[in-house]
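Visitor: Structure in structure tokens, see below.
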Amino acid sequence: MANKPKRKKGSGDDVIVIKDLYKTYNTDSDIAVHAINGVSLTIKRGEFVAIMGPSGSGKSTFMNVLGFLDSPTAGTYILDGVDGTRLSENEKAEIRNSKIGFVFQGFNLLSRTSALENVELPLYYHGGLRSHEMRDKAKELLGIVGLAGREHHTPNRLSGGEQQRVAIARSLVNNPAIILADEPTGNLDTKNTNDIMGLFTRLNKEKGLTIILVTHEPEVAEYTDRCVVFRDGNIVKDAKMKKKKSIGYQKKDQDMIK
Ligand code: ADP
Ligand code: MG
């Protein structure tokens, strides 16, 4: 259609474009650690990607750079059309708040604060909504992650899996371009791990959310569509996942996600 806004050619579907990225840590002992060693990677909108690799291979460093929590030593990083290389600290913080949802291994919820308030919190920082609008939005997201009725529970009254659901709802609250999850199932048992991976899968398939997730568990990576493997700060493998884990979710679950 003539009036349909056009995306810039060649960049529209790429939500992450990384070229020749390096991150070097200079430690006290004067020995430089090359945590990321010349990595290039493109991720398209709507992809569900697992980042794997042995301990110390640079996965967390890479995620920190993706999340604007750390700056690369060299190379370029374009997130959702924004070139991250020349941004001030304030501009980076603004991108973090508006374009990136974080999910951590340890949930990182405020312990004496209800599920609802934990999800609302990023909206306060972002500004622009009235308090009842923030409440409604947080409530809607808690419904989407399957926690309707538990809005007023504090984290200590929720299981690990439920706490991670709260954290996922919180990560979605500003409609981010990407979700970054560093070992999100690292503290969960098998049942809760499958639960959380089923939820990520639905969010990816039903809402088209771009999800990048670090894991060292092959069973977790099987839920994703693409696996990128790091070793010594380099990408040594980047492949489509062949064996997809069946998630077997019900029609009623599909209806939850609109
Ligand atoms: P992974 O998440 O794959 O286990 P990391 O990204 O945490 O790996 O670490 C990659 C390498 O960078 C390791 O050798 C680690 O010791 C080093 N490293 C990570 N963070 C720092 C830091 N803040 N200062 C110095 N070295 C670091
Ligand atoms: Mg790590």
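So for the sequence shown, this note's numbering puts the first residue at 32; every next one is plus one. Beta carbons are placed, not taken as given, at the ideal position from N, Cα and C, and that holds for glycine. Predicted model only: the values in this text are computed from it and were never measured.
Find the nearest neighbour of E125 within the set I210, F99, R166, R188, judged by alpha-carbon distance.
Guide: Against the sequence shown, residue 125 aligns to sequence position 94. Among I210, F99, R166, R188, the Cα nearest to that of E125 is on F99.
Visitor: Skipping 5 residues on each side, what residues in its chain have a beta carbon closer than 6 Å to that of A208?
Guide: Within the sequence shown, the letter at position 177 stands for residue 208. V46, D111, K130, listed in sequence order.
Visitor: Are M94 and L211 close, meaning C-beta to C-beta below 7 Å?
Guide: In the sequence shown, residue 94 corresponds to position 63, counting from 1. In the sequence shown, residue 211 corresponds to position 180, counting from 1. Yes. Within cutoff.
Visitor: Using a Cβ-based criterion (distance less than 6 Å to any ligand heavy atom), does S91 qualify as near the ligand MG?
Guide: Locating residue 91 in the sequence shown gives position 60, counting from the first residue. At least one heavy atom of the ligand MG is nearer than 6 Å to the Cβ of S91, so yes.
Visitor: When DSSP labels each residue in this structure, what does L244 get in the three-state scheme?
Guide: Numbered from its first residue, the sequence shown carries residue 244 at position 213. L244 falls in the strand class under three-state DSSP.
Visitor: Does DSSP classify H183 as helix, strand or coil?
Guide: Taking the sequence shown and counting its residues from 1, one reaches residue 183 at position 152. Correct three-state label for H183: coil.
Visitor: Using only the heavy atoms of the ligand ADP, determine whether one of them is closer than 6 Å to the beta carbon of A208.
Guide: For this step, residue 208 is matched to residue 177 along the sequence shown. False, no ligand heavy atom lies under 6 Å from that Cβ.
Visitor: Hey, could you find the ends of the beta strand (DSSP E) L52 is sitting in?
Guide: For the purposes of this step, residue 52 is identified with residue 21 of the sequence shown, where counting begins at 1. Where L52 is concerned, the enclosing beta strand (DSSP E) stretches over 45-57.
Visitor: Looking at the ligand ADP, does it come within less than 6 Å of G98, judged from the CB to the closest heavy atom?
Guide: Locating residue 98 in the sequence shown gives position 67, counting from the first residue. Not under cutoff, so the answer is no.
Visitor: Can R76 and T241 be called in contact, C-beta distance under 7 Å?
Guide: Residue numbering aside, residue 76 sits at position 45 when the sequence shown is read from its first letter. Residue numbering aside, residue 241 sits at position 210 when the sequence shown is read from its first letter. Yes.
Visitor: Tell me the DSSP secondary structure of N218 in three-state form.
Guide: On the sequence shown, position 187 is the one that residue 218 refers to. N218: coil per DSSP, three-state reduction.
Visitor: Compute the Euclidean distance between the alpha carbons of G106 and V150, then round it to the nearest angstrom.
Guide: Walking along the sequence shown from the start, residue 106 turns up at place 75. Walking along the sequence shown from the start, residue 150 turns up at place 119. Their backbone Cα atoms lie some 34 Å apart in a straight line.
Visitor: Please name the residue, chosen from L141, L97, K168, that lies closest to V71 on a Cα-to-Cα basis.
Guide: Here residue 71 is taken as the residue at index 40 of the sequence shown, counted from 1. Per the sequence presented here, residue 71 reads as Ser, with Val not at that position. Nearest of L141, L97, K168 to S71, Cα basis: L97.
Visitor: Is DSSP giving M165 helix, strand or coil here?
Guide: To locate residue 165, count along the sequence shown from 1; it is residue 134. Note: M165 maps to helix in three-state DSSP.
Visitor: Suppose contacts are defined by Cβ-Cβ distances below 7 Å. Is A198 in contact with L173 by that definition?
Guide: Position 167 of the sequence shown, counted from the first residue, corresponds to residue 198. Position 142 of the sequence shown, counted from the first residue, corresponds to residue 173. No, Cβ-Cβ distance for A198 and L173 is not below 7 Å.
Visitor: So is A252 buried or exposed if we call it buried at 16+ other beta carbons inside 10 Å?
Guide: Position 221 of the sequence shown, counting from 1, holds the residue named residue 252. Buried, by the Cβ-count rule.
Visitor: For I266, report the span of its beta strand (DSSP E) as first-last.
Guide: For the purposes of this step, residue 266 is taken as the residue at position 235 of the sequence shown. 265-271 is the span of the beta strand (DSSP E), which, as asked, contains I266.
Visitor: Out of curiosity, what's the CA-to-CA distance linking M272 and V204?
Guide: Reading the sequence shown from its first residue, position 241 is the one you call residue 272. Reading the sequence shown from its first residue, position 173 is the one you call residue 204. Going from the Cα of M272 to the Cα of V204 covers about 29 Å.
Visitor: The beta strand (DSSP E) spanning G106 covers which residue range?
Guide: The residue labelled residue 106 in the question sits at position 75 within the sequence shown. First-last of the beta strand (DSSP E) with G106: 105-110.
Visitor: Tell me whether the stretch 185-195 and the stretch 137-153 touch, counting them as touching only if at least three CB pairs, one residue from each stretch, are closer than 8 Å.
Guide: Output reads yes: the stretch 137-153 touches the stretch 185-195.
Visitor: Look at the alpha carbon of E171 and the alpha carbon of A179, and state the distance between them as a whole number of angstroms.
Guide: Working through the sequence shown from its first residue, we reach residue 171 at position 140. Working through the sequence shown from its first residue, we reach residue 179 at position 148. Going by the C-alpha atoms only, they are around 8 Å apart.
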